[in-house]
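Enquirer:
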Amino acid sequence: MSVSFARTLSGGSVPRVGTERPRRPNWRKVKGFLMDIDGTMAETDPLHEIAIREMFRRAGASADVVVDHRFIRENISGVDNADIVEKFLPHLSPEDAEKWIVDKESYFREVAKTQIEPVQGL
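Below is the structure:
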């Protein structure tokens with residue numbers, strides 16, 4: 265008997281006991297794919313810079329925070345919105361923080377509609 269571990273969608277793992285090989289997916293039942301395009305198919309850092317700068321201004325972020333390319337790379341890229349709020353907008357109530365996250369995502373999508381461009385080579 266063998267024991268291996270299978271990855272779950274949430275990033276955890278569950279033990280898989282036995283010698284059975286994993287079943288192949290039934291591709292005919294697949295309805296679609298979810299892809300993360302940030303930095304892979306589209307260069308979105310400039311759009312995040314626009315959205316974060318404006319949304320920080322609206323939320324009254326500290327004037328000491330300068331939102332530029334370096335700031336986005338070091339503090340925003342790959343960081344969960346809740347962690348961004350906790351670090352840079354600690355004055356927001358939990359309700360306002362949730363609203364800020366929803367509004368920020370909405371504003372980013374509006375910016376992306378007119379400004380998103382594929383990375384070179386695609």
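According to my numbering, the stretch in the sequence shown is residues 265 to 386, in order. Just so it is clear, CB atoms sit at the ideal spot from N, CA and C, and this is done for glycine as well.
1) Just how far apart, CA to CA, sit Arg321 and Gly385?
2) Who are Pro382's beta bridge partners in DSSP?
3) Counting Cβ pairs, one atom from each stretch, are 3 or more of them under 8 Å apart for the stretch 284-294 and the stretch 364-371?
4) Name the two residues that bound the continuous alpha helix (DSSP H) containing Phe297.
5) Short of 7 Å in beta carbon distance, which residues of its chain neighbour Val331, apart from the five on each side in sequence? Order them along the chain.
6) Within the continuous alpha helix (DSSP H) that includes Ala346, where are the two ends?
7) With a cut-off of 8 Å on the beta carbons, I'd call Trp364 and Ala323 a contact; round off their distance for me.
8) Would you mind stating whether Leu353 and Ala325 have Cβ atoms separated by less than 8 Å?
9) Report, in whole angstroms, the separation of the C-beta atoms of Met305 and Val383, which I expect to be a contact under 8 Å.
10) Give me the Cα-Cα distance between Val349 and Val329, rounded to the nearest whole angstrom.
11) Using three-state DSSP, classify Ala325 as helix, strand or coil.
12) Alpha carbons only, please: which of Glu359, Asp367, Asn339, Thr308 is nearest the one belonging to Lys351?
Expert: Taking the definition as stated:
1) Computed Cα separation, rounded: 35 Å.
2) The partner list for Pro382 (beta bridge, DSSP) reads Ala306.
3) No contact exists between the stretch 284-294 and the stretch 364-371.
4) Careful: Phe297 lies outside any alpha helix (DSSP H) and carries neither H nor E.
5) Same-chain partners within the cutoff: Glu313, Ile316, Arg317, Phe320.
6) Element bounds for Ala346: 345-352.
7) That belief holds up - the Cβ atoms of Trp364 and Ala323 are roughly 6 Å apart, short of 8 Å.
8) Against a cut-off of 8 Å, the Cβ pair of Ala325 and Leu353 comes out as a contact.
9) Yes, they are in contact, since the Cβ atoms of Met305 and Val383 sit about 6 Å apart, within 8 Å.
10) The alpha-carbon atoms of Val349 and Val329 are separated by roughly 13 Å.
11) The answer is coil: DSSP assigns Ala325 none of H, G, I, E or B.
12) Closest option to Lys351, Cα to Cα, is Asn339.
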